[in-house]
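Below: one structure, written as structure tokens.
Right under this line is the structure:
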């Protein structure tokens with residue numbers, strides 16, 4: 004019976020730890036430079052050479068593999084060979100040596116992904132996108148806009164459009180946010196669930212855009228219309244992995260990069276370069292360090308329970324009692340200082356990140372204290388608060404999730420003790436009648 008109870012507690016603990024929405028600690032990691040490019044047509048290396056060359060100029064080592072290549076693999080000796088995958092294979096249904104589940108697991112383990120589709124998107128590519136929360140429009144449909152059209156290789160059909168509706172985030176789009184150049188797009192649209200807090204609508208249709216089958220004679224209401232029609236969307240997973248989904252491979256092509264509109268180049272190249280920096284972990288990355296806490300007079304917390312080796316006790320499978328080894332202990336109503344240093348990656352350099360909306364919570368099951376961190380002159384974020392009048396095991400918790408930035412999650416455990424018997428006032432004025440009696 005005791006063994007069954009132990010197993011039940013162990014399983015419950017595992018479910019609580021791995022069922023948490025964000026692991027602890029969690030912070031951004033600089034994107035790696037080993038990038039796998041999976042193609043269903045090796046001619047894409049030529050038609051999209053500028054896109055690939057821009058990645059090489061930023062230090063990426065590109066490895067090109069055909070979907071049917073027997074050498075296509077993601078791991079070797081249980082270690083990933085790449086940190087990023089560019090999947091430009093809209094027509095593929097199955098790979099030769101890997102599966103779509105392998106790619107999904109790659110993302111689950113923290114890898115970044117760029118997913119490019121078109122109007123011939125295969126069923127398995129659609130299923131993979133749906134597994135990530137992206138639902139592409141019906142097969143045969145394309146994005147159409149008769150008022151913002153720019154036809155390329157189209158005769159009498161306006162399926163190549165100019166979009167001006169991009170996300171207003173300098174963290175994601177960098178220098179392009181200052182540009183008014185439109186994005187040339189030709190492909191299929193998609194949608195994401197409005198309740199998906201991980202999704203970002205990077206590029207949407209114009210108010211006059213809609214998704215429909217251009218060669219169908221039937222008169223039906225369009226699948227998606229206006230801003231609800233997504234052209235490019237991104238996901239930042241709970242492990243800070245980043246995914247980009249678009250229904251157009253042409254948007255990355257040389258011909259679209261070099262297209263002019265009103266005697267000026269369209270904004271595809273600058274837009275894609277800045278967006279790739281974010282997707283591949285070269286911008287919008289936060290990290291934290293130097294987590295420090297102490298009393299306001301500068302003294303550190305007490306250490307009550309020291310870790311001791313007990314060789315005289317028999318070995319057992321049962322865990323130690325629920326005590327905090329080497330626990331750092333404050334007293335109720337102590338004035339405590341908490342500080343943390345947060346840095347942002349910009350232009351390959353770590354600089355101080357000083358927001359005005361980052362909060363620290365002092366938590367025992369529920370937050371007892373929630374306060375905003377203030378910037379200090381040395382680049383740290385700090386706050387001063389009074390320990391609550393409740394004793395137990397608490398955590399300093401900083402959980403910061405903002406659009407475009409990698410999530411940071413820091414937790415530091417301490418204990419709060421009540422007053423000792425010799426820390427109370429020896430005589431209480433209101434108790435004098437009882438003393439004299």
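Residue numbers (my numbering): 4 to 440. Beta carbons are placed, not taken as given, at the ideal position from N, Cα and C, and that holds for glycine. Keep in mind the model is a prediction, meaning the values are calculated, not measured.
Exposed or buried, residue i, counting other C-beta atoms within 10 Å across all chains shown (16 or more means buried)?
| i | result |
| --- | --- |
| residue 86 | buried |
| residue 133 | exposed |
| residue 272 | buried |
| residue 387 | exposed |
| residue 89 | buried |
| residue 45 | exposed |
| residue 140 | buried |
| residue 226 | buried |
| residue 183 | exposed |
| residue 73 | exposed |
| residue 185 | buried |
| residue 274 | buried |
| residue 129 | buried |
| residue 106 | buried |
| residue 427 | exposed |
| residue 58 | buried |
| residue 430 | exposed |
Would you please verify whether the beta carbon of residue i is less than 8 Å from any beta carbon of chain B?
| i | result |
| --- | --- |
| residue 103 | Of the chains in the structure shown, none is chain B; there is only one protein chain. |
Going by the CB atoms, is the gap between residue j and residue i shorter than 8 Å?
| i | j | result |
| --- | --- | --- |
| residue 236 | residue 407 | no |
| residue 405 | residue 414 | no |
| residue 228 | residue 190 | no |
| residue 247 | residue 192 | no |
| residue 168 | residue 194 | no |
| residue 60 | residue 38 | no |
| residue 34 | residue 277 | no |
| residue 125 | residue 99 | no |
| residue 68 | residue 177 | no |
| residue 344 | residue 301 | no |
| residue 254 | residue 298 | no |
| residue 384 | residue 342 | yes |
| residue 238 | residue 250 | no |
| residue 256 | residue 50 | yes |
| residue 188 | residue 205 | no |
| residue 175 | residue 287 | yes |
| residue 201 | residue 240 | yes |
| residue 153 | residue 264 | yes |
In chain order, what residues of the same chain have a beta carbon less than 6 Å from the beta carbon of residue i, not counting five sequence neighbours either side?
| i | result |
| --- | --- |
| residue 242 | 113 |
| residue 290 | 30, 31 and 346 |
| residue 91 | 42, 47, 119 and 252 |
| residue 403 | 361 and 411 |
| residue 366 | 398 and 400 |
| residue 283 | 34, 87 and 115 |
| residue 199 | 136 |
| residue 53 | 257 and 260 |
| residue 376 | 361, 363, 384 and 386 |
| residue 66 | 39 |
| residue 131 | 103 |
| residue 424 | none |
Please name the residue or residues paired with residue i in a DSSP beta bridge.
| i | result |
| --- | --- |
| residue 446 | With the chain represented from 4 up to 440, any question about residue 446 goes unanswered, as that position is not in the structure. |
| residue 352 | 349 |
| residue 370 | 366 |
| residue 152 | 164 |
| residue 186 | 166 |
| residue 341 | 296 and 386 |
| residue 2 | Coverage of the chain is limited to positions 4 through 440, which leaves residue 2 absent and any answer about it impossible. |
| residue 194 | 138 |
| residue 414 | 400 |
| residue 78 | 83 |
| residue 378 | 384 |
| residue 38 | 65 and 87 |
| residue 306 | 331 |
| residue 207 | 168 and 233 |
Using C-beta distances below 8 Å, list every residue in its chain close to residue i, excluding the 5 sequence neighbours before and after it, in chain order.
| i | result |
| --- | --- |
| residue 143 | 122, 216, 218 and 219 |
| residue 421 | 334, 335 and 394 |
| residue 150 | 209 and 211 |
| residue 440 | none |
| residue 392 | 335 and 336 |
| residue 453 | Because residue 453 is not part of the residues shown, which for the chain are 4 to 440, the question remains open. |
| residue 75 | 41, 68, 69, 98, 99, 100 and 101 |
| residue 349 | 286 |
| residue 351 | 285 |
| residue 356 | 289, 345, 346 and 347 |
| residue 293 | 342, 343, 344 and 383 |
Keeping to the same chain, check which residues put their C-beta closer than 7 Å to that of residue i; ignore five residues upstream and five downstream.
| i | result |
| --- | --- |
| residue 62 | 36 |
| residue 305 | 332 |
| residue 354 | 346 and 347 |
Every unbroken beta strand (DSSP E) inside the segment 213-237 [3 residues or more]: 213-215
Ordered list of alpha helix (DSSP H) runs contained in the segment 229-291, each at least 4 residues: 257-260 and 271-282
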